[in-house]
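Chains A and B, in that order, are what the protein sequence lines are. In terms of our numbering, the first sequence is residues 1 to 160. In terms of our numbering, the second sequence is residues 1001 to 1104. Don't be surprised by glycine CBs; every beta carbon is placed ideally from N, CA and C. Below is one structure; the comments refer to it alone.
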Amino acid sequence: MSSVAFVLLAILTLAAALAAATLQKLMHATLSFAVTLVGVAALFFLLGAEFVGLVLVFVYIGAVAVLIVFTILLTRRDVGKDRGANWRGVLLAIAVFGGLTWAILKTRSVAIVVPDVRAIPVKRIGEALMTSYVWPLQCVGLLLTAALIGALVLVMEEKR
Amino acid sequence: MTPTLQVFLIVSAALFSAGLLAALSRRHAIFILIGIEMMLAAANLNFIAFWRFSPQPPSPTGVMIAIFSIAIAAAEAAVGLALVIAVYRHYRTTNVDHLNQLKG
């Protein structure tokens, strides 16, 4: 695993995440959010989980980010600027980050290096999905259908 | 030197904190949804990192849980954005400070 690539990707991801959290314009924040997800997907590639990285790009950037842009355009009248971050949220986020970092650095058992990164073949993932994970797969299918119908019902015009 | 599990966890914690910042300090409902999605992406990064650094990386457990969590996050985003549109139709605003009808 290349250390240079990791540092570059981590900087890209975190800078885009901070931009998404603090930019004033909603559309700019959404585009920064998309860049954040590209960075996370690249980190997945670095960790040898190519399939999950591709799924992340397809689902998040292809669907969720586009959905957010559509929602921004549909609620346009109200969407101008958002006033900047308030100090209580900033303090709480910094406190959470400090606490998590302290806990991670205190834990000796996570200071390990991976022996070798080999990508997991997609064939194995498909086999596992169709054998031992077939019930969770069906449940997720049911959940997605329910979410689809629920979203349609929520945005349907009320008949008068 | 190659990155350890620690640095992946710290990156994930920073991503989570950025999502928390967006969810707590913004007033538009869409910003809050973006923050929640960033927190979910940080959780996925943790799943994949722990799977890769685990003693048996050939078994695809972490990959599976990340895929399912991405699917559930997508469903959550669809319903959340539908709610934002429904709220906007009713109140003509997506500012969560103005949605105080149920406040005592």
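| Check | Outcome |
| --- | --- |
| Do residue 1013 of chain B and residue 101 of chain A have their C-beta atoms closer together than 8 Å? | yes |
| To the nearest whole angstrom, what separates the beta carbons of residue 45 of chain A and residue 53 of chain A, a pair I think is in contact under 8 Å? | 5 Å |
| Ignore the nearest five residues each way along the sequence and tell me which others in residue 1033 of chain B's own chain have a CB closer than 8 Å to its CB. | 1077, 1080, 1081, 1084 |
| Tell me which residues share the same chain as residue 1039 of chain B and place their Cβ nearer than 6 Å to its Cβ, disregarding the 5 neighbours each side in the sequence. | 1016, 1019 |
| Just curious, the alpha helix (DSSP H) that residue 28 of chain A is in, first and last residue? | 26-46 |
| For residue 12 of chain A, which residues in the same chain have their Cβ closer than 6 Å to its Cβ, ignoring the five residues on either side in sequence? | 39 |
| Distance, Cα to Cα, residue 22 of chain A vs residue 1025 of chain B? | 9 Å |
| Please compile the residues from chain A whose C-beta is within a distance smaller than 9 Å of the C-beta of residue 1066 of chain B. | 44, 49, 52, 55, 56 |
| Answer with yes or no whether the minimum CB distance from residue 1038 of chain B to chain A is below 8 Å. | yes |
| Check whether the region 1089-1096 of chain B touches the region 1044-1055 of chain B, taking contact to mean three or more Cβ pairs, one atom from each stretch, closer than 8 Å. | no |
| DSSP three-state label for residue 1095 of chain B, please. | strand |
| Examine chain A for any beta-carbon lying closer than 8 Å to the beta-carbon of residue 972 of chain B, and answer yes or no. | For chain B, the structure presents residues 1001 to 1104; residue 972 of chain B sits outside this window and is missing. |
| Spatial neighbours of residue 6 of chain A within its chain, please: C-beta separation below 8 Å, excluding the five flanking residues on both sides. | 43, 46 |
| In this structure, how does DSSP classify residue 145 of chain A when only helix, strand and coil are distinguished? | helix |
| Determine whether the Cβ of residue 62 of chain A lies closer than 8 Å to any Cβ atom of chain B. | no |
| Which of the three DSSP states is assigned to residue 113 of chain A in this structure? | strand |
| The alpha helix (DSSP H) that contains residue 1016 of chain B, what's its start and end? | 1005-1025 |
| Give the range of the alpha helix (DSSP H) segment to which residue 52 of chain A is assigned. | 50-56 |
| Check each residue of the region 91-105 of chain A: if its Cβ is closer than 8 Å to any Cβ of chain B, include it; give the result in chain order. | 92, 93, 94, 96, 97, 100, 101, 104, 105 |
| Determine the contact status of residue 131 of chain A and residue 72 of chain A, defining contact as a CB-CB distance below 8 Å. | no |
| List, in order along the chain, the chain A residues whose C-beta lies closer than 8 Å to that of residue 1079 of chain B? | 147, 150, 151, 154 |
| On the criterion of 16 or more Cβ atoms from any shown chain inside 10 Å, does residue 138 of chain A qualify as buried, or is it exposed? | exposed |
| If I'm right that residue 1098 of chain B touches residue 26 of chain A with Cβ under 8 Å, what's the distance once you round it to whole angstroms? | That belief does not hold up - the Cβ atoms of residue 1098 of chain B and residue 26 of chain A are roughly 16 Å apart, past 8 Å. |
| Nearest-angstrom Cα distance between residue 75 of chain A and residue 1088 of chain B? | 7 Å |
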